[in-house]
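Notes follow the structure.
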Amino acid sequence: MPEKKSTSRWFPWLLFGILFLISFGFQIHSGAWRSDFGGHADEGAHVVTSLMVRDYLGGGFLETWHPMRYAEAYYDKFPKVALGHYPPGFYLVASAGLMPFRSGYALLVIMNGLAAGVGLLVWWFARRFSLPTSVSALIALLYVLLPQTRTYTAIVMADLLLVLLSLLAARSFLRFLESGRAGDSLWFGCWAAGAILTKGSAVGLALLPPFAIVLAGDWRVIRSGRLWLAPVPVILLALPWMLLTMGITREGMQDTSFLEWFREALPYYGMALWKEAGWITLVGLVLAGGLVLFRWAVRREPPDRTEAVLWGAVACAGFVPLCVPAGLDSRYLMPLVPAVLLLVPVRARLVFRRWPLVAFVVPVLFTLGVFFETARPVRKYYTGAASAIEEVIRDSKNSKPGKKPIRVLVVSNAGGEGALVAAAALDASREMALVRGSKFLATSDWMGRGYAEAFATPPALIEGLRRGGIDYLVVDPPPDEAPSHWRNAAEWFANEALPGIENVGEVPSWRREVQSVFRIYRIAPVAP
5 MPEKKSTSRW FPWLLFGILF LISFGFQIHS GAWRSDFGGH ADEGAHVVTS
55 LMVRDYLGGG FLETWHPMRY AEAYYDKFPK VALGHYPPGF YLVASAGLMP
105 FRSGYALLVI MNGLAAGVGL LVWWFARRFS LPTSVSALIA LLYVLLPQTR
155 TYTAIVMADL LLVLLSLLAA RSFLRFLESG RAGDSLWFGC WAAGAILTKG
205 SAVGLALLPP FAIVLAGDWR VIRSGRLWLA PVPVILLALP WMLLTMGITR
255 EGMQDTSFLE WFREALPYYG MALWKEAGWI TLVGLVLAGG LVLFRWAVRR
305 EPPDRTEAVL WGAVACAGFV PLCVPAGLDS RYLMPLVPAV LLLVPVRARL
355 VFRRWPLVAF VVPVLFTLGV FFETARPVRK YYTGAASAIE EVIRDSKNSK
405 PGKKPIRVLV VSNAGGEGAL VAAAALDASR EMALVRGSKF LATSDWMGRG
455 YAEAFATPPA LIEGLRRGGI DYLVVDPPPD EAPSHWRNAA EWFANEALPG
505 IENVGEVPSW RREVQSVFRI YRIAPVAP
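Mind the numbering: the sequence shown is residues 5 to 532 in our numbering, read in order.
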C-alpha cells in the first residue's frame, strides 16, 4: 500500500511535540520528577550504568582507557552496574542525553522522547493503512496514554528503546518488501542489531522476515540476494556481544522444560495483555488473527505487506516471552503492544469497508474503548534515598573529614539499594563508595539461588564491617518477607546489639502510599 502523501511535512514534528508534552505532563503527575530511582528493581542499575558510560566517554577514558577496568573501578564505588546482564545499547543512548546535563532529569526527558517516538511510528503505520490523519493520531495518542507506557516513561528502563528500535526494524523491512533495495535490507539489520544490543529478547526479530514473507505470499523476495544482507549488521554488531555474555545470560534463565514454561507463560501473558491493553484488544486480536488466517489458508487471500509485517512483529514479540524461561513480567509484552493497537482497528475497518461511515467510526470507538477500559493512575513516589545520601555526606564532613572515600553499606531490597546507589552516583559532592547489603551480608547468584547469610551473630557482623572498612550504614526497615540477612541486621542495629555503632539520624521515605524511614548509623573507628 503506497505511503500517504497528503499530510503536511510538518505534521509529524507537530505530532511528536504534542505526544512528548502529553507524556511529560503525565510523567510529572506520576511523581517521577520528585522521586528517587527505585521504581523498579533494575531502575537504579540502569541509571548507574548510564552514568558510568557517560563519565567514561566524557573523559574517564583519559584516566583508565580500558573500558573493562574502568567499569570494574566504577562498580567498586557504585555496585549497581548492569553492563553484561544488559547490553550496552540503552546506556549509549542515555549517556548521550547525560553528556550536557549530568542529572537524573535528563534521563526522564529521554524516556519522554522514546515514548513520543514510538507514538509517531504508530501514527506512520496507521497512515499506511489509509486511516485518516486524525484517527491515526488518536491511535498514536492511545499508545502514549496506556498505563504501561506511562509506567515505563516514569521509570528509567530499556524497554521503550527496545520498542522504538523494533518498530524501526519493522518499518525498514516493509520498505524492503516494497522496494527490494539493498539499503532497506541493511537498515532492517542495523535496527535489529540495535534492538538486540538494547535487550537480548530482540533476537525474536529474526522471525519477522520469514513470517511476513510467508503471510504476504511474497516469494520472489527469497530469491533476492539483497534479502540476505539483513543478517550482516547483526552478525557484525550484535553477535559478538551475545557470545561474550552468553554465560551471564544463562544465569538469568529458569530451570524448567519448554512445555512447563509455555503452560505457565501463556495464561500469564494472556492476562497481562488483557490488563495492559483491555479485553477489547485481546478479543479483537484473536478474531482478527483468525480472520487473516482463514483468508490466507482457505481463500488464498494474503494480507497486504504492511499488515503482514505487523503480524510478523506480533509473532516475534510474543515468541521470546512464551518460549524462553527468563521470568514472567508484563513489560516483556511491550514490543507487541503497538502492532496490536494497529491490527485490531485496521482489520475491523477492512471488514466494514463497504460502509465508509462505519469504517471510520469503528477504529475511533476501539481507541476510546481501550482508553476508558485501561485508564488508571500511574504513581511513582519513591523518596528518601537521595536525602539519606545527603545526610551521610553532611555527617561525614564533620565526623570523618579526612576519610576518602567514605564507605557506606546500604541494606534494603533491590529497588531500595539501587535507589541509594544511584543517588550516590548522581551526587558528586563527596567521594564515596557504596556496598550493597544483599552482597555483603549474604551470598547468592543473580537469581537468588544458593542463598546463605554471611554473618550469623552480631560480633561476627561488627568484625566484618570493620574488616570491610565500612564507615556508615543506611538501613531500610525490612518487611516480614524480607530475607534473613536484612531482618537480622536491622534488628541488631535497632537494638544496639553492635558495639561502636551510633544512630546518627533517620530520613523519612515514601514507597507510593507507604511511609517508612532510612535509618543511618555511623561506625566508630577501632581504638588504637
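Glycine included, C-beta positions come from ideal geometry on N, C-alpha and C.
{"Asked": "Cutoff 7 Å; reference residue 266; Cβ partners in own chain excluding five residues on either side", "Found": "326 and 327"}
{"Asked": "Endpoints, the beta strand (DSSP E) within which residue 512 is located", "Found": "505-515"}
{"Asked": "Short Cβ contact (7 Å threshold) for residue 202 with residue 241", "Found": "no"}
{"Asked": "Residue 522 - DSSP class collapsed to helix/strand/coil", "Found": "strand"}
{"Asked": "Which residues DSSP lists as bridging residue 87, in chain order", "Found": "90"}
{"Asked": "Range covered by the alpha helix (DSSP H) that runs through residue 200", "Found": "186-200"}
{"Asked": "Helix, strand or coil at residue 385 [DSSP, three-state]", "Found": "coil"}
{"Asked": "Beta bridge counterpart(s) of residue 415 as assigned by DSSP", "Found": "479"}
{"Asked": "Coarse secondary structure for residue 209, derived from DSSP in three states", "Found": "helix"}
{"Asked": "Residues that residue 410 bridges to, as DSSP identifies them", "Found": "436"}
{"Asked": "Euclidean distance between Cα positions of residue 330 and residue 204", "Found": "11 Å"}
{"Asked": "Inside the segment 93-145 only - alpha helix (DSSP H) runs reaching at least 4 residues", "Found": "93-102 and 108-132"}
{"Asked": "Residue 491 versus residue 479 - alpha carbon distance", "Found": "10 Å"}
{"Asked": "The segment 143-158 / the segment 344-362 touching (three or more Cβ pairs under 8 Å)", "Found": "yes"}
{"Asked": "Three CB pairs or more closer than 8 Å across the segment 493-504 and the segment 355-366", "Found": "no"}
{"Asked": "Beta-carbon spacing of residue 206, residue 199 below 7 Å", "Found": "yes"}
{"Asked": "Between the CA atoms of residue 17 and residue 88 - distance to the nearest angstrom", "Found": "36 Å"}
{"Asked": "Beta-carbon proximity check, residue 186 vs residue 233, cutoff 7 Å", "Found": "yes"}
{"Asked": "C-beta atoms of residue 225 and residue 231 nearer than 7 Å", "Found": "yes"}
{"Asked": "C-alpha distance - residue 518 paired with residue 377, whole-angstrom precision", "Found": "27 Å"}
{"Asked": "C-beta contact flag for residue 383 and residue 515 at 7 Å", "Found": "no"}
{"Asked": "Through-space distance from residue 194 to residue 235, alpha-carbon basis", "Found": "9 Å"}
{"Asked": "Cβ-Cβ distance between residue 481 and residue 520 below 7 Å", "Found": "yes"}
{"Asked": "Rounded separation between residue 22 and residue 140 - CA only", "Found": "14 Å"}
{"Asked": "With 16 other Cβ atoms within 10 Å as the buried cut-off, status of residue 443", "Found": "exposed"}
{"Asked": "Buried/exposed call for residue 48, threshold 16 Cβ in 10 Å", "Found": "buried"}
{"Asked": "Where residue 458 falls: helix, strand or coil (DSSP)", "Found": "coil"}
{"Asked": "Within 7 Å, strictly: CB atoms of residue 318 and residue 286", "Found": "no"}
{"Asked": "Residues of its chain near residue 272, where Cβ-Cβ distance is below 6 Å and the 5 sequence neighbours each way are ignored", "Found": "332"}
{"Asked": "Alpha-carbon to alpha-carbon, residue 128 and residue 209", "Found": "20 Å"}
{"Asked": "8 Å contact criterion, which residue 522 and residue 506 should meet: CB distance rounded", "Found": "The pair is not a contact, with the Cβ atoms about 16 Å apart (cut-off 8 Å)."}
{"Asked": "Straight-line gap, residue 512 to residue 29 (C-alpha atoms, nearest Å)", "Found": "27 Å"}
{"Asked": "Rounded C-alpha distance that separates residue 118 from residue 63", "Found": "27 Å"}
{"Asked": "Three-pair Cβ contact test at 8 Å for the segment 39-53 versus the segment 156-164", "Found": "yes"}
{"Asked": "Under the three-state DSSP convention, the category residue 239 falls into", "Found": "helix"}
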